[in-house]
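Numbering (my numbering), first residue to last: 48 to 334. Glycine included, C-beta positions come from ideal geometry on N, C-alpha and C. All of these numbers come straight from a predicted model, not from anything done at the bench. Heads up, the thing below is written out as structure tokens.
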Amino acid sequence: MIYDFSRPGRGCIAVDELLNFTDQHVFVAGGTSGINLGIAEGFAGAGAKLSVMSRSADKVDAAVATLARHGNAAAGFTADVRDFEAVSRVLAEAHERFGAIHVLVSGAAGNFPAAVLDMSSNAFRAVVDIDLVGTFHMLRAGFEFLQRPGARVINISAPQSCLPAPLQAHVCAAKAGVDMLTRVVALEWADAGVRVNSIIPGPVAGTEGMARLAPSQELLRAVEQSVPVKRLGTVEDIARAALVLASPLGDYINGAVLPVDGGWSLAGFAAVMQRLGSQLAVEGGAR
Ligand code: NAP
Ligand code: COA
């Protein structure tokens, strides 16, 4: 229970009432695996109708089957966030199916560890195009399908947005752009009644991102020890933050960039990437 500020003197309101998304339409770009699928499941469990989109039809089908187990409607779409026309088409189809979008999550991303001198122009551009331009596409094409007023947009950022790290120039540049896009769009869309925020997940267990940046048990343990609360995050940790941000509990949060990382962004990330660099050099694996 939580004190109900909207009804002074009338006591408390159940938190699960505030976190109830029944009949709301939640669209998650990149929502077919890892953290983004966890976020989609969080909203599905809270009663929402879900649309998820990514490139692989197999991943889309599997994600829809997972989401359907929560008992609410779920639909999947294939598109590459780099393709503005394809993204626009998918958003229109999702809108046709489930109505106006109440919560738009933009989380598609790509990452691989590589030093600047081991990266081609196309390699750098691939990540910037997916993470940053892709987020622009989701928001730019998504606006017309948002529930206005009232919609909430959540961009999935990363610690690299504010912490420089070796082997991560492409992601650092792209995610820094995502956070600035969040802030600018929060300003521009406030009048339309749309709130826009970023979540910065910390290192999350069992995800593709962690598999790429901490590919050995030794590195994984080093990451875990570098988190002030001494554990890796879970997809549920990130999903809970997304639910709060999108709920009436987050009504006055706009343009925020919220780390959900056990304090990891305060320290630790650069040291881990230095270690990965040494390991790749020893293995002769750096390209
Ligand atoms: P993941 O499982 O690989 O999720 C990425 C998702 O994006 C997948 O559904 C993927 O599906 C989709 N995707 C990739 N490129 C796409 C494109 N061009 N167009 C459309 N969809 C695309 O990775 P994750 O580790 O869970 O990361 C999810 C998000 O969290 C990312 O934004 C990442 O930067 C952020 N993050 C992760 C961590 C971590 O510890 N893992 C930490 C901080 C931030 P398809 O392959 O089917 O396209
Ligand atoms: N080191 C250096 N360059 C690399 C690389 C690496 N480890 N991996 C890929 N590249 C380069 C490729 O060589 C290519 O450059 P080139 O054309 O000059 O040769 C460029 O990056 C694009 O690669 P490509 O495989 O054609 O791109 P794609 O669009 O099919 O895939 C990626 C995008 C590379 C980001 C791919 O890893 C991906 O799809 N990732 C999604 C999943 C993911 O990263 N999850 C974690 C999220 S945190």
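Beta carbon of residue i nearer than 8 Å to that of residue j
i	j	result
residue 247	residue 312	yes
residue 178	residue 221	yes
residue 147	residue 290	no
residue 217	residue 175	yes
residue 244	residue 300	yes
residue 193	residue 241	yes
residue 287	residue 309	no
residue 307	residue 249	yes
Buried versus exposed call for residue i [16 or more other C-beta atoms within 10 Å across all chains shown]
i	result
residue 52	exposed
residue 331	exposed
residue 163	exposed
Close Cβ partners of residue i (< 6 Å) along its chain, the five nearest in sequence each way excluded
i	result
residue 120	96
residue 302	230 and 233
residue 79	99, 101, 106, 107 and 110
residue 84	78 and 110
residue 72	96, 145, 146, 148 and 149
residue 122	98 and 144
residue 135	188
Proximity test, residue i beta-carbon vs the ligand NAP heavy atom, cut-off 7 Å
i	result
residue 254	yes
residue 169	no
residue 211	no
The ligand COA heavy atom lying under 7 Å from the CB of residue i
i	result
residue 177	yes
residue 9	Missing from the structure shown is residue 9; the chain here goes from 48 to 334 and no further.
residue 67	no
residue 331	no
residue 259	yes
residue 157	yes
Nearest candidate by alpha-carbon position, reference residue i, set the options
i	options	result
residue 295	124, 198, 91 and 180	198
residue 17	185, 115 and 159	Residue 17 is absent from the model: the chain starts at 48 and stops at 334.
residue 130	140, 223 and 180	180
residue 254	280, 56 and 103	280
Cut-off 7 Å between Cβ atoms - residues of its own chain near residue i, not counting five sequence neighbours on either side
i	result
residue 137	100, 124 and 126
Close-in-space but distant-in-sequence residues of the same chain around residue i (CB under 8 Å, 5 per side omitted)
i	result
residue 139	192
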